[in-house]
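Residue numbers (the numbering used here): 36 to 122.
By construction, the Cβ of each residue, glycine as well, lies at the ideal position given by its N, Cα and C atoms.
Bear in mind that the values here come from a model prediction, so they are computed numbers and not experimental data.
Read through the structure below, which is laid out as structure tokens, and then see the notes.
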């Protein structure tokens with residue numbers, strides 16, 4: 036059972052139109068819904084006792100985190116994700 040789900044930059048993902056994809060992932064987790072403010076609406080639809088954690092200034096980025104974009108064929112996305120999670 037999944038006890039914690041961290042969605043870093045969830046507000047940006049929602050702004051960029053990724054709500055359907057996020058919902059598809061979160062719907063796989065059996066968690067009851069609650070209510071919250073606008074940027075936490077997605078989390079609130081699925082989580083109880085949710086916590087908003089901000090490190091540093093909200094909306095700012097850091098040079099200490101390396102971000103990588105990988106383009107993966109649809110047919111290999113699941114296996115690639117599993118490889119990353121198990122690494």
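Assigned secondary structure, residue i (DSSP; H/G/I helix, E/B strand, else coil)
i: residue 108; result: coil
i: residue 48; result: helix
i: residue 102; result: coil
i: residue 42; result: coil
Cβ shell of residue i (< 6 Å), same chain only, five flanking positions each side left out
i: residue 107; result: 115
Beta-carbon proximity list for residue i, same chain, < 8 Å, skipping 5 on both sides
i: residue 120; result: none
i: residue 57; result: 42, 45, 48, 49, 77
i: residue 105; result: 115
i: residue 122; result: none
Cβ of residue i within 8 Å of any chain B Cβ
i: residue 45; result: The structure shown contains no chain B; it is built from a single protein chain.
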